[in-house]
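Trainee:
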Amino acid sequence: MAASCDSLLPLVLLLCLSAQAVDRSNFKTCDQSAFCKRQRELKPGQSPYRALLDTLELSNSRLSLQLINDNNKVRLLLELYRLQGNMTRVKINELKPLKPRYEVPDVLLSHPITEALSVVAQDENSLVVSLGGKDQRLILSAQPFRLDIVEGSQVLMSLNSRGLLAFEHLRTRKDTKSESEQATGQENVEQQTDEDGQIKEDDDKPGMWEETFKSHTDSKPNGPTSISLDFSLPGVEHVYGIPEHADTLKLKNTDGSDPYRLYNLDVFQYELHNPMALYGAVPVLISHSTDRTMGIFWLNAAETWVDISSNTAGKVRVISSEAPQTDVRWMSESGIIDVFIMLGPKPADVFTQYASLTGTQSFPPLSALAYHQCRWNYNDQEDVKTVDQGFDEHDIPYDFIWLDIEHADGKRYFTWDPSKFPQPKEMLQGLMDKRRKLVAIVDPHIKVDSGYKIHNEIRSKNFYVKNKDGGDYEGWCWPGNAGYPDFTNPEMRTWWASQFAYDQYEGSMENQYIWNDMNEPSVFNGPEVTMHKDALHGVWEHRDVHNLYGLYVQKATADGLIQRSEGVQRPFVLTRAFFAGSQRYGAVWTGDNAAEWGHLKISIPMCLSLGLVGISFCGADVGGFFKHPSAELLVRWYQAGAYQPFFRAHAHIDTPRREPWLFGPENTALIREAIRQRYALLPYWYQLFYNAHRTGQPVMRPLWVEYPDDFATFSIEDEYLIGKDLLVHPVTDEGATGVTAYLPGKGEVWYDVHTFQKHDGDQSLYIPVTMSSIPVFQRGGSIICRKDRVRRSSSCMENDPYTLYVALGSQGSAEGELYIDDFHTFSFEEAKQFVHRRLSFSANTLSSRNLAPDSQFSTASWIEKIVIFGGSQPSSATLKSADGTESALEFEFDSTLAVLTLRKPGVNAAADWTIVLR
Amino acid sequence: LMFLGTPVEIQRPRGVPLTKKQFYEESKPFTCLDGSRTIPFDRVNDDYCDCKDGSDEPGTAACPNGSFHCTNAGYRPMFIPSSRINDGICDCCDTTDEYNSGAKCENTCKELGRKEREVLQKMAEITKEGFLLKQQLIEEAKKGQQEKQSKVTDMQENKKQLDEKVEALRTVKETAEQPEKEAKERHLKAWEEQKAAIRLEKDKAKMAETFLELDDNEDGFVSVSELQSHAELDPDADGTLTEIEAQGLMGGAEQVDTSTFESVWPKIKDKYHSEVSREEEPAPVETPPDEVKEPVVDNDSEPYPEDDISEEEDEDDEDEDDYHEDDDKVSAQPTIKTPEKTHEDEEAMPPYDADTQALIDAAQKARDDFEEAEKALREMDDQIRNIEKELSFDFGPDAEFTYLYSQCYELTTSEYIYRLCPFNRVSQKPKYGGSETNLGTWGSWSGPENNKYLLMKYEQGTGCWQGPNRSTTVKLTCGKETVVTSTSEPSRCEYLMEFTTPAVCQEPANIDPSPHDHVEL
């Protein structure tokens, strides 16, 4: 939860009382962030940078040369790499920085695999480098310096074409400067260097050597260090990504407003539809047009702002004679320029390319994809038991119950409140007996208390982040005065991970998992409710590593969960802060939203944006965290949440209780039904997560990802696809009596999964809705496996049979997959213990074929039923088993809906089989 | 019966209760219990759902809406949703729901049965005793109610008399007040006349005195020049009394004698300053006394309590101002300029004569008598209202909750002392100092429809920050004693209190405490 008011000091409380929504004055605008203001004052024009072609060095896979800024004679080093999978890496650093500049570690999986580069042409002002296949080339212009990536005669992307490359070089602090000189700031200071000629310092501007925001002063010992680079995307009107913002899926033009900000912050009661920073940051932007999909990955963990400018913004497309173009500009406060240009060309290619750099979504245990029941707070063990029983009494499935900060003894994480949770193992065992699980919160702020083991060890091992003067950094958070472990330190992370061992974390058991909140990090009394930028992580400033902190917290925690089971069990860790690569460690949620219809709506684009940049395991607090939802909003949110990847209800401590049965029997039934639909579809979700883990393809997808040529899909954010086979258009309007869903795909068909009704693609379809409606369509041409025997928890359904829903496409065929493993260990990876099958229907024959012949796993699950949409009535159905035996299957045919149901094939889900209809 | 022999399982498909056995005959095709279709009997419990109502799969998890019956010999039989069959969790104490899941279930029915019987027995004892207590409570309440009812009736009777008495005394009072009023008016009038005569006398004396004063040469005449020595008599207020002006005052005459002076006197008496008292005349006071006081009021050295102090002072000042104003009004009434003299002149009204006084005394007594009676009537009204209010409360169908009225019950937890005053309010007070918080005042009975007397609702307590007003639900259970047994706050600012009282004890059912076993034998 956010730095909400009720637990803070009375002084803060006064400030909070007046705040209805976010207090914007707590957070910087671009104008208030000195480097952003400086950078943004620089307008497009001729770049002062010139490439020194005579410094060119070319090895097999690396091209380097120097750039000089003709205004101040500072030299930069440009490095270009061609990476496997159609990517180009562009790195720019100072040639000779006064001291090293920060390069983000631990985000890339490994050194990306490079491919040979060759110079194919060169003259006095340019260089042409072949990027391999499909006559893709990189053209480097020397003066002014600029890079163009072209395919044939078409320019795909240009760098520094607007001349906004700006690199504030490190410089010596002039401690001798008098106050008056600093104040006037007009004097140019000159500095001799041995060979580069004269370096002319930029004029000092306000905020270069010290910056004050509200009552906080940033001492900026290194002075100005910011960097910026512009990218032009000809032919592009639609860009996406750079989460996290509570904004539309398609990024907006930022001319005349603030740029999108990437700076992990704990924003109390965030507002919708603005570019303010939120809890996480993934500096990846995806561009899309009917021609091509590309990506830009700006690997920098410092405070970053992104300006988007499109020449078609606000214009009606057909009238514009000008070719569309979108310009993007990145600005970061420190570090280096290190950009990965992913050239697609298809959406799936960009996802693969990005996944090859930062990894794929971790494969969660199946139960983590089921329903989670959370509240700040379940008061005590008795409360946990009562809620658990409530689910059984009302026959509602759930897998996880969650404990927020009140469970710990005085917010000392890794402990239990002795009066409220005196017997945690008894409680956990009670849940285990029901095949259910628990998540307890462990936040990274550590109470400064000499009686607290965790604190004492961190202090004695010198693992805390330091303040600028070298002492342990301390700030206010839930427990009061708190220290912040330096998660950038690998030794610290190893130690942290060891604390999750069963013999270290007293009261913990194997069915307890972890939630990392407040890991932006949240510091109630810090600038912008986070850590001072001049705090120190070893030799690096917090400024350099800020957006990475949360990733490291989740990584160390997930490592701990893996280690406690000696590498056997898959972990489950939820985080609020994240960065590029966080997908490898677990789930994220959209933070402290509110019980408002707008927040329900925005949950779709927010999770879609995350999915586009690798983080598939995303969800929003069902019901809304702040405020009290109406029964209608709660029901609609359950219905929407049941079809989003991470499905957890959560509520603020000051809101009335809202367990699913507290809103009258009708609403209880509606919520039960929504959750049951989720459970029935778990095999599909699981298969999609396996796919995401293996390939990097998102689970929840914008329509354009699957229909990249259909311009009508490019801005759709009120419906989406799960995988490629289910289209969901949740009801997100109060009092709605219908929704208009766009069904894409010319010549395709879609089937309403509830009524089995068939609809043509490439149309907007009005669907009347009642309170029980969740408009969901299955794509014609797909086969989806479900477990229709919904039980108390996903574990209880482990061995249940599958029902195959075969939706025939217009050509009368369909395909799908079935993935099965033990649902919770790494055996699928380490011992290839899984079942992965291709199900296909064509020419009246349905068959199950092994997709992974070298894997092996035996399952008790079998095929219970096959439902075929869109077919005709056969005269017979014959099942051929692997051993050659044949048997006739009974079937029923509903001629009005053209639904054929095959009764009880009974074959094992892992077996080869064929069914022939005649 | 259970304890005498081993239960004999009567053959029937798994999960079917005895009561429905007749629908499942192995020799015949099975018709779904909703009649929707008929299937071969081998499709009953074949782990595939054929009937929409789930009736073909009573013993498997195949149907989403099915239910499974466990016999639970030794305990109580029950139905569970069929989704709980073979889910690895032991639901039926006889283990029959987990016949194929590998779950290691133990038959706990006997143990559960024993425990349940113990609990039931204990409950039965409590209920029995509680019910007896309840009968007493009902008796007492009825008695109390009757007493109160008859008291109210008596009081209403008394009240009627009191009403009459008040009316009678009002008449007496009014009768006595009429002659009193007349006598007082008479007395006042006589005094006014007397005062007028005295004032006339005094005026004459003053005129004579003035004549003598003005007649400086003592020739028995006041001349123009003699009058001119009194500049204050200047009619045009230019500071000098000219000869013509003085002559004007004297009606055109050069001099006037004592008798003619009578016509001059009215023109000058308002302005005339006596020569004798002229020097003693106090100088006009320009600054009002409260302004003089001001510096004393201001106290800059103590900034914090200044407001309070000056406020008080202001009030005092106002009081004084009022006082002065009244004084001024009094002194402004007489036409003569010297107020002190006026007081001396106008003596207090003489005491009433004996007759008048007698009338006044009589009237006063009538008034006192009347007021006393009226007060008694009011008190009587209050008492009646209170009793009627109490009688109007819903104390249960047999008034069994009456005894809780005007009582309070406390429970001390580790942090707080909770206090329940039924039909009044619930409150919470920190154990170690701090002020009391209202957790709700009496709202209504709010139990389920069949027995609303199982829950009490207290509402509109102290407001919560950013939240609702505090409220408390009190859950009543049967007990021998009247005690608050627990309190909790399941949701912010919504409290739950458990309260035992004999008043909710139901008449013990006069049957076997283990009624469930016979079904299976």
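Protein sequences appear in the order of chains Z and C.
According to my numbering, the residues represented by the first sequence are 151 to 1068, in order.
According to my numbering, the residues represented by the second sequence are 281 to 801, in order.
The beta carbon of each residue, even a glycine, is placed where N, CA and C say it ideally should be.
With DSSP as the reference, identify every bridge partner of residue 799 of chain Z, one or two as the case may be.
Mentor: Answer by DSSP bridge pairing, in chain order: Z:523, Z:772.
Trainee: Is the segment 443 to 462 of chain Z in contact with the segment 470 to 479 of chain Z, if contact means three or more CB pairs nearer than 8 Å?
Mentor: Yes: at least three Cβ pairs fall under 8 Å.
Trainee: Does the contact criterion of 3 or more C-beta pairs under 8 Å hold for the segment 490 to 505 of chain Z versus the segment 432 to 448 of chain Z?
Mentor: Touching, per the Cβ criterion.
Trainee: Report the neighbours of residue 803 of chain Z on chain C: residues whose CB is nearer than 8 Å to its CB, in chain order.
Mentor: Chain C residues near residue 803 of chain Z: 772.
Trainee: Comparing the C-beta of residue 627 of chain Z with each C-beta of chain C, is any distance below 9 Å?
Mentor: Closer than 9 Å: no.
Trainee: Given residue 505 of chain Z, which residues of its chain have a CB within under 6 Å of its CB, disregarding the five upstream and five downstream residues?
Mentor: Once the five neighbours on either side are set aside, the close Cβ partners of residue 505 of chain Z are 846.
Trainee: Taking only beta-carbon positions, decide if residue 529 of chain Z is within less than 9 Å of chain C.
Mentor: Cβ-Cβ to chain C under 9 Å: yes for residue 529 of chain Z.
Trainee: Under a Cβ-count criterion, where at least 16 other Cβ atoms within 10 Å of its own Cβ denotes burial, should residue 369 of chain C be classed as buried or exposed?
Mentor: The residue is buried, with at least 16 neighbouring Cβ atoms inside 10 Å.
Trainee: Alpha carbon to alpha carbon, how far is residue 769 of chain C from residue 775 of chain C?
Mentor: Whole-angstrom Cα-Cα distance: 4 Å.
Trainee: Does DSSP put residue 992 of chain Z in a helix, a strand or coil?
Mentor: The answer is strand: DSSP assigns residue 992 of chain Z an E or B state.
Trainee: Distance cutoff 9 Å, beta carbons only. Does residue 810 of chain Z sit that close to anything in chain C?
Mentor: No, because no Cβ of chain C sits closer than 9 Å to the Cβ of residue 810 of chain Z.
Trainee: Step through the CB atoms of chain Z and report whether any lies within less than 9 Å of the CB of residue 336 of chain C.
Mentor: By this cut-off, residue 336 of chain C is not an interface position.
Trainee: Can you tell me the Cα-Cα spacing of residue 326 of chain Z and residue 372 of chain Z, whole angstroms?
Mentor: Note that residue 326 of chain Z has pLDDT 48, beneath the 50 cutoff, so the model's placement of it is unreliable and the number below is only indicative. Going from the Cα of residue 326 of chain Z to the Cα of residue 372 of chain Z covers about 15 Å.
Trainee: Can you list, in chain order, the residues of the segment 741 to 775 of chain Z whose Cβ is nearer than 8 Å to any Cβ on chain C?
Mentor: The residues in question: there are none.
Trainee: Excluding sequence positions up to five away, which residues of its chain have a Cβ less than 6 Å from the Cβ of residue 1061 of chain Z?
Mentor: So the list reads 1032, once near-sequence residues are dropped.
Trainee: Helix, strand or coil for residue 487 of chain C? Go by DSSP, reduced to three states.
Mentor: The answer is helix: DSSP assigns residue 487 of chain C an H, G or I state.
Trainee: Which complete beta strand (DSSP E) runs does the segment 574 to 636 of chain Z hold, if anything under 3 residues is left out?
Mentor: Those beta strand (DSSP E) runs which fall completely within the segment 574 to 636 of chain Z and span 3+ residues are 587 to 591, 624 to 627, 630 to 633.
Trainee: Figure out for me which residue from C:507, C:532, C:728 has the closest Cα to the Cα of residue 555 of chain C.
Mentor: The shortest C-alpha separation from residue 555 of chain C is found at C:507.
Trainee: With a threshold of 9 Å between beta-carbons, can residue 744 of chain C be considered close to chain Z, or not?
Mentor: Cβ-Cβ to chain Z under 9 Å: yes for residue 744 of chain C.
Trainee: Is the distance from the Cβ of residue 782 of chain C to the Cβ of residue 413 of chain C below 9 Å?
Mentor: Yes, Cβ-Cβ distance for residue 782 of chain C and residue 413 of chain C is below 9 Å.
Trainee: Let me know if residue 896 of chain Z comes out buried or exposed under the rule of 16 or more other beta-carbons within 10 Å of its beta-carbon.
Mentor: Result: exposed.
Trainee: Mind checking if residue 659 of chain Z is an interface residue toward chain C, Cβ cutoff 9 Å exclusive?
Mentor: Not an interface residue.
Trainee: Confirm, please, whether the CB-CB distance from residue 643 of chain C to residue 456 of chain C is below 9 Å.
Mentor: A contact, by the Cβ cut-off of 9 Å.
Trainee: Quick one: using the 10 Å Cβ neighbour count with 16 as the cut-off for buried, is residue 811 of chain Z buried or exposed?
Mentor: Label assigned to residue 811 of chain Z: buried.
Trainee: Using only the alpha-carbon positions, how far apart do residue 287 of chain Z and residue 235 of chain Z sit?
Mentor: For residue 287 of chain Z and residue 235 of chain Z, the distance between alpha carbons rounds to 15 Å.
Trainee: Taking buried to mean at least 16 other C-beta atoms within 10 Å of its own C-beta, is residue 1065 of chain Z buried or exposed?
Mentor: Answer is buried; the Cβ neighbour count reaches 16.
Trainee: Residue 766 of chain Z and residue 842 of chain Z look like a contact to me (Cβ under 8 Å); what is the Cβ gap, rounded to whole Å?
Mentor: Contact flag correct, Cβ pair sits at about 5 Å.
Trainee: By DSSP's criteria, residue 384 of chain Z is part of a beta bridge. Which residues make up the other side?
Mentor: In the DSSP output, where bridge partners are listed per residue, residue 384 of chain Z has Z:475.
Trainee: Does the beta-carbon of residue 672 of chain Z have 16 or more other beta-carbons within 10 angstroms, so that it is buried, or is it exposed?
Mentor: Counting Cβ neighbours within 10 Å, residue 672 of chain Z comes out buried, since at least 16 surround it.
Trainee: Only counting the same chain, and skipping five residues up and downstream in sequence, which positions put a Cβ closer than 8 Å to that of residue 918 of chain Z?
Mentor: Here the set comprises 887, 888.
Trainee: Determine the contact status of residue 500 of chain Z and residue 588 of chain Z, defining contact as a CB-CB distance below 9 Å.
Mentor: Not in contact: residue 500 of chain Z and residue 588 of chain Z (Cβ atoms no closer than 9 Å).
Trainee: Tell me which same chain residues have a C-beta within less than 7 Å of the C-beta of residue 249 of chain Z, skipping the five on either side of it?
Mentor: Taken in chain order, the residues that qualify are 320.
Trainee: Thinking residue 1006 of chain Z and residue 1050 of chain Z are a contact (beta carbons under 8 Å), I'd like their distance in whole angstroms, please.
Mentor: That belief does not hold up - the Cβ atoms of residue 1006 of chain Z and residue 1050 of chain Z are roughly 33 Å apart, past 8 Å.
Trainee: Provide the residue(s) that pair with residue 268 of chain Z in DSSP beta bridges, ordered along the chain.
Mentor: Answer is Z:280, bridged to residue 268 of chain Z.
Trainee: Would residue 94 of chain Z be called buried (16 or more neighbouring beta carbons within 10 Å of its own) or exposed?
Mentor: The structure shown does not extend to residue 94 of chain Z, since chain Z is modelled only from 151 to 1068, so the question has no answer here.
Trainee: DSSP state of residue 683 of chain Z, grouped into three classes?
Mentor: Coil at residue 683 of chain Z, not helix or strand.
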